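What follows is a short report on a single structure.
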Amino acid sequence: MAGRTRAIGMRLAQTVPVIIGVIVISFILTRALPGDPAVYFAGAMADAESIQQVREALGLDKPLVTQFFLYVGDLAQGDLGRSISTGQPVLTDLAARLPASLELTLSALVLSCLIAIPLGVLAAVRQGSWVDHLCRVLVTAGVSLPTFFTGILLVYVFYYLLGWAPSPLGRLDFIYFEPPRVTGFYLVDSLIAGDLETFAATLRQLTLPTITLALFTLAPIARMTRAAMLQALSSDYIRTARAAGLSRGKILFGYGLRNALLPVVTTLGMVFSFVLGANVLVEKVFAWPGIGSYAVEALVASDYAAVQGFVLAMAFLFVTLNLIIDLSYALIDPRIGFDTK
Amino acid sequence: MLNIRDFAVSFRTRRGEVQAVRGISLDLSEGETLGIVGESGSGKSVTSYALMRILDAGGRIKAGSAVFDGRDLAQAAERDMQAIRGREISMIFQNPRAALNPIRKVGHQLEDVLRRHGRATRADARAKAIEALEAVRIRDAEARYDAYPFELSGGMCQRVVFAIALACGPRLLIADEPTTGLDITTQKAVMDLVRDLTRARGMSSILITHDLGLAAEYCDRLAVMKDGQIVETGPAAALFADPQHSYTRKLVDATPRAGAGLRDLLPLEARTPLADHVPGDRALVQVRDLVKTYPGKSGPVHAVKGISFTIREGQSVGLVGESGCGKSTTSSMLVRLLDRTSGDILFEGLDIADIPADRFVRDKRRSQIQMVFQDATDSLNPRHSARQTIADPILRMSDLRGTALQTRIEELATLCGLPLPLLDRFPHQLSGGQKARVGIARAIALDPKFLILDEPTAALDVSIQAVVLNLLADLRARLGMTYLFVSHDLNVVRLLCDHVIVMQGGEIVEQGPAAQVMDTPSHPYTRTLLAAAPKPPTTNTTTQAAKSAAE
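The structure is reproduced here in structure tokens:
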């Protein structure tokens with residue numbers, strides 16, 4: 001056990017150079033972007049003198065190296081800088097917007113896992129049957145339909161035509177109050193507050209964007225489950241289990257699925273990190289106040305501090321996610337013990 | 001107890017229905033051990049899967065019956081079969097490590113079976129599982145209960161598979177190639193255990209194997225299968241002494257055994273006189289204090305611990321030992337694919353160990369030292385035709401081009417007994433024996449002086465092994481090559497080699513002339529190895545010859 005703790009410590013230590021690299025690269029990349037923030041913020045009527053004033057106020061007149069060390073010094077104190085477009089500290093902005101994106105992404109992933117894994121298993125068990133074909137159709141549709149299209153289609157059908165869904169404007173209809181903030185996830189916070197009405201309203205707002213994202217993430221998960229399950233079911237230990245007279249359920253789930261989970265978990269991690277960055281389209285369609293739309297707006301405005309804050313936050317998320325995946329690997333597969341590393 | 005009548009199994013494939021088993025009939029009585037022997041593709045494994053009704057998708061029992069204890073297994077409902085499997089009839093498999101769930105503790109896998117068949121409850125499952133592990137003589141069963149398959153040796157895994165098979169006290173055990181891939185001493189330990197325990201419990205058993213010697217040693221009665229049919233059945237000794245069917249005779253002949261020469265393995269009509277090869281006096285390869293140490297997770301691993309030997313020109317030296325003894329590491333160093341840690345390898349008196357393995361490819365002696373690899377399939381590029389494969393080393397190491405190159409390739413193919421039309425086929429279109437010939441032709445393409453053969457026949461059926469061994473002997477005589485023959489099969493080494501080196505744990509424990517080492521071994525380990533090898537009943541080849549002459 002002591003070895004395991006040390007191994008986790010080692011694994012954490014490996015993330016330090018990654019973070020440093022991200023800080024350097026995000027700094028250089030934002031500076032390399034075209035556009036001058038001073039001009040942008042001085043406004044259309046500004047003359048050369050006021051632009052220069054803004055530039056000095058933002059500290060952009062100093063050499064790059066000095067700017068970098070000032071930035072790192074601020075970072076060390078937990079100061080990500082102030083966004084020049086919202087006027088808020090970047091940390092505050094991120095704290096407000098990250099939970100929105102996470103709530104959407106996580107509920108989409110939970111939904112797609114709930115559909116994709118059973119579907120993949122069924123498709124593998126009944127290879128060539130209608131379930132298999134359905135799986136193939138869903139997978140193809142999922143990858144080939146862009147999210148903004150399915151999003152708009154769903155809004156058109158369920159909001160405009162049928163009127164079942166609430167207006168696609170953010171996380172909560174304006175008639176409700178935000179639940180008292182504990183985790184930032186409205187679903188959780190409303191439950192903590194015991195406010196079932198807000199919970200239901202949150203859920204209604206979440207439904208369409210969640211389905212949109214889930215359709216997109218369904219494909220890789222279902223495909224990988226099917227393939228991994230097929231491979232697991234054709235292996236020798238399944239034959240042994242059958243020859244020992246074990247029940248069908250035990251063979252499929254206890255022996256087959258547990259072995260098939262490894263590649264599925266890997267795919268899940270990849271899909272998660274991909275979607276978190278890429279769901280900006282869905283956020284735009286549903287006016288979701290998430291981190292993706294925030295980053296795009298900041299990028300357009302050459303809002304250095306906000307972009308850097310976003311990249312850094314994403315890097316932290318990815319690193320944490322990879323750590324969690326590695327740890328769950330070790331839980332599922334005893335062969336990948338940390339002690340042997 | 002088990003009566004199989006006109007049993008037929010077929011598989012649906014893309015190219016129509018394939019008949020794997022074509023109407024076989026067999027009887028097995030209480031307490032009897034039956035061996036089903038045949039080469040790959042004979043339908044022996046399919047028969048056993050069909051009996052258990054665990055055929056892969058697409059396979060089905062087409063006709064016939066298999067009555068076990070009054071119930072027809074071919075007709076029984078799936079629900080009844082689930083109760084029969086594991087409780088009445090159980091199976092053990094080849095490749096034991098893969099046959100266990102890799103991510104479940106072996107104790108839990110045993111409990112699954114015990115609880116499924118109502119032999120244990122949640123409360124006493126652990127104790128019963130440990131009991132079952134002790135029954136197959138696993139020492140320290142309490143600790144092994146918590147082990148995962150990857151933490152156990154192959155032999156230990158097979159014991160666990162066996163424990164699972166025996167856990168619910170079945171009356172029939174089907175063993176499907178249970179020792180393929182295991183070391184020879186482990187093979188003996190596992191087979192002895194299977195025999196002892198099935199006997200002690202009065203169980204019947206069916207042993208399915210390609211190894212006629214093994215079957216003869218452990219079975220009361222043998223059935224020989226070929227192309228889905230049984231060609232002959234009878235007591236083991238009788239089958240060996242007087243095989244009735246021509247295929248049985250071919251199999252018996254091809255099985256390496258004491259007292260038989262290389263040519264005796266071949267069918268009677270192919271027994272041309274064997275050309276002599278005379279080892280010279282000059283040393284071709286000298287190995288001095290060769291050491292290989294790998295860095296390991298828990299300290300360095302000493303794979304080869306300072307070995308010395310000499311191979312004379314024209315000599316055939318056998319390198320024998322069990323897995324992990326360092327024989328493959330040694331051969332990789334000799335063929336200069338692996339760098340040594342210390343020591344000398346002299347080839348024709350000059351040190352070649354100093355040249356790093358990745359630079360030796362440009363040394364002119366590269367063409368002098370060549371290798372035939374263990375797996376004929378995996379060592380051929382699947383996208384190269386046989387012609388391209390053989391041309392490869394010639395194009396790299398010599399100036400032969402155009403028609404001269406084609407002539408040389410055809411000459412090599414003829415030399416190795418590969419029909420010329422097959423030259424333009426790809427590996428997947430060739431049989432195992434043909435692929436072995438391509439591998440050999442490639443190795444001798446540059447007229448090497450020294451050829452290292454790494455278990456070249458391990459994956460081949462016995463009848464093809466017999467042909468390949470004879471081919472190697474002919475080539476040696478014709479081209480004057482020197483062989484280092486790496487093998488775990490002492491019977492085969494005895495047939496081909498003049499000199500034998502026995503390795504254990506990275507050291508040479510014994511070396512000497514083949515006959516001396518085999519007949520009067522001095523080291524206890526050599527004696528253990530020799531004792532563990534299955535001994536087929538000896539046949540009298542002269543009476544056979546006389547018999548067929550009389551026919």
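Those sequence lines, one after another, are chains P and B. Here full-length UniProt numbering is used: position 275 in the first sequence is 275, and no number is missing along the way. Here full-length UniProt numbering is used: position 524 in the second sequence is 524, and no number is missing along the way. Built from N, CA and C at the ideal position, the CB exists for glycine as well. These figures come from a predicted structure and were not determined experimentally.
In DSSP terms, what residue i is bridged to
i	result
H302/B	T293/B
G234/B	L222/B
M203/B	According to DSSP, M203/B bridges with nothing at all.
N3/B	D27/B, V67/B
A357/B	Answer is none; A357/B lacks a bridge partner.
V287/B	F309/B, I345/B
Q19/B	S10/B
F450/B	I369/B, T482/B
I504/B	The question names Ile, but residue 504/B is Gln in the sequence shown. Note: Q504/B sits in a beta bridge opposite E507/B.
G59/B	F11/B
Short CB-CB distance (under 9 angstroms) between residue i and chain B
i	result
R226/P	no
S234/P	yes
D173/P	no
A243/P	yes
T340/P	Its pLDDT being 40, under 50, T340/P is placed unreliably in this model, and the coordinates cannot settle the point.
D326/P	no
I117/P	no
R6/P	no
M1/P	Here the model assigns M1/P a pLDDT of 47, short of 50, so the residue's position is not dependable and the matter cannot be decided.
D333/P	yes
G254/P	yes
S247/P	yes
K62/P	no
Integer Cβ distance of residue i from residue j, believed to fall under 8 angstroms
i	j	result
M91/B	I174/B	5 angstroms
Y40/P	A301/P	6 angstroms
A222/P	A260/P	Not really, about 12 angstroms apart at Cβ, beyond 8 angstroms.
D6/B	G64/B	4 angstroms
H245/B	S40/B	Contact doesn't hold; Cβ gap of about 19 angstroms is too wide.
G439/B	F373/B	6 angstroms
Below-9 angstroms beta-carbon distance, residue i vs any chain P residue
i	result
Q158/B	no
H210/B	no
V113/B	yes
E17/B	no
F150/B	yes
F347/B	no
A533/B	no
Residue from the options whose Cα sits closest to the Cα of residue i
i	options	result
V190/B	G154/B, L319/B, L222/B	G154/B
S83/P	A13/P, Q77/P, D93/P	D93/P
residue 347/P	W164/P, S112/P, G163/P, D173/P	Because chain P spans 1 through 341 in this model, residue 347/P falls outside it and cannot be assessed.
D303/P	G35/P, R6/P, T210/P, I20/P	G35/P
L207/B	R115/B, L268/B, G35/B	G35/B
V136/B	L197/B, G343/B, F450/B	L197/B
L490/B	R527/B, S463/B, Q75/B	R527/B
I19/P	A305/P, I325/P, G277/P, G309/P	G309/P
A214/P	I115/P, L321/P, E297/P	I115/P
A443/B	S379/B, S10/B, L422/B, S431/B	S379/B
G169/B	R85/B, L193/B, C219/B, L334/B	R85/B
A32/P	T320/P, L299/P, N322/P	L299/P
I394/B	T377/B, A376/B, L28/B, S367/B	S367/B
E455/B	S487/B, Q465/B, Q434/B, L469/B	S487/B
P334/P	Y148/B, L422/B, T47/B, A270/B	Y148/B
L334/B	V317/B, S323/B, I352/B	I352/B
V110/P	Q52/P, V182/P, T212/P	T212/P
First and last residue of the uninterrupted alpha helix (DSSP H) at residue i
i	result
S331/B	327 to 334
D74/P	64 to 76
Y329/P	304 to 332
T47/B	44 to 52
Endpoints, the beta strand (DSSP E) within which residue i is located
i	result
residue 552/B	Given a span of 1 to 551 for chain B in the structure shown, any question on residue 552/B remains unanswerable.
D253/B	Unbroken run through D253/B is the alpha helix (DSSP H), 246 to 254; no beta strand (DSSP E).
M91/B	89 to 92
A175/B	172 to 176
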